[in-house]
Each structure stands twice: as structure tokens, then as C-alpha cells.
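Scroll down for the structure; my scribbles are underneath it.
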Amino acid sequence: MIAVPEDGEIELDLLIESVVEGLLVSGTASAKVEGECARCLEPLTDEVEVRITELYAWPDSTTDETTDEDEVSRIENDLIDLEPVVRDAIVLALPQAPLCEPDCKGLCSECGGRWAELGPDHGHETIDPRWAALQERFSDDNNEEK
Ligand SMILES: [Zn+2]
Ligand SMILES: [Zn+2]
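Just so you know, we're using this note's numbering here: the sequence shown kicks off at 3 and counts up by one.
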């Protein structure tokens, strides 16, 4: 329902420190996200910012030998791959049910219009079908009496 657009940019503000076992990357990543309101389905854009702390272990370090690759990232050919780490962090931070406004009223269950546009006076005349049948019968009787 909400995601980073394909051509969306992710801004990184990271500090990379050299530690015994490898490189420690920490900082923030922020991205514009696009989606639709969970209540009224209007398109919306939002921004998420996540904190990142990730250790990339040197090949042949103790960490490399004692952990799995999906537990601790690795430095490969002197390069670190930030993308999966950043992507996972942002995906986790996305709201499950994004709203266009915190108090979005959603849609009218009768006509599907947005309450934000319909206004507070909007409503539908709803007559219980049984009452509708009675009303018809009464009006027929009245016609016969005349
Ligand atoms: Zn909405
Ligand atoms: Zn309506």
C-alpha cells in the first residue's frame, strides 16, 4: 500500500568507522514514499527516516568465521553493499495502514465518496425495504378512497 517509488532517491547520512572486525556503519537513511490512504484510497506521499547501525565484517575476521552471512554483513572486495541493509530498514519502517491525514474519515459506505469532499451534511435517504412496501400500500389505499 505504500512503498519507495522505483526512481525514488534514498538520502543517506552515514558515518563509517573502522573497528577491529570490520567497518561499522551508522547514521540515518531517509526516503520519500508513495502510496494510498488506507481509508479513502487517495494517493499520498510521505517521508520515512530510519536509523542504521550495521557492522560489515572483514573476510577472515573472527566475526566472519563465527557468524552467518545473513546475521552480519560482509565486506566483499573492499566494498560494502548498503542497499539491502537500507532497503530492509526502510521497509520495516513503512506504516501498515498509511493515512492521508491522521483523522481521515474514509469513504461513505453508500456512494464511495470521500467524506473530506462530501462534507458533514452528506447523507443518503435510507428506508427499510419493509417500510417502503408499507408506504406504497398506504398510498394505494388512499387513492382508492378518493
Ligand atoms: Zn484518507
Ligand atoms: Zn454517500
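Heads up, the beta-carbon is just placed ideally off N, CA and C, and yes, glycines get one too.
(Q) According to DSSP, is PRO97 part of a helix, a strand, or is it coil? (A) Correct three-state label for PRO97: coil.
Q) Is it right to say GLY2 is buried, meaning 16 or more other beta carbons lie within 10 angstroms of its own, or is it exposed? A) No answer is possible for residue 2: it lies beyond the span of the chain, which begins at 3 and ends at 148.
(Q) Considering only the alpha carbon of each residue, which of ARG53, LEU57, ALA91 lies closest to GLY29? (A) Residue ARG53 is the option with its Cα nearest to GLY29.
Q) For VAL87, which of helix, strand or coil comes out of DSSP? A) In the structure shown, VAL87 falls within a helical segment according to DSSP collapsed to helix, strand and coil.
**Q.** Cβ pair ILE12, ILE82 closer than 9 Å
**A.** Against a cut-off of 9 Å, the Cβ pair of ILE82 and ILE12 comes out as no contact.
Q: Report yes if the CB atom of ALA91 is closer than 9 Å to the CB atom of GLU103, and no otherwise.
A: Cβ distance not < 9 Å, so ALA91 and GLU103 don't count as in contact.
Q) Going by the C-beta, is GLU112 closer than 8 Å to any heavy atom of ligand 2? A) Indeed, a heavy atom of ligand 2 lies less than 8 Å from the Cβ.
Q) When DSSP builds the beta bridges, which residues end up paired with ALA59? A) According to DSSP, which records beta bridges pairwise, ALA59 is partnered with GLY24, ARG76.
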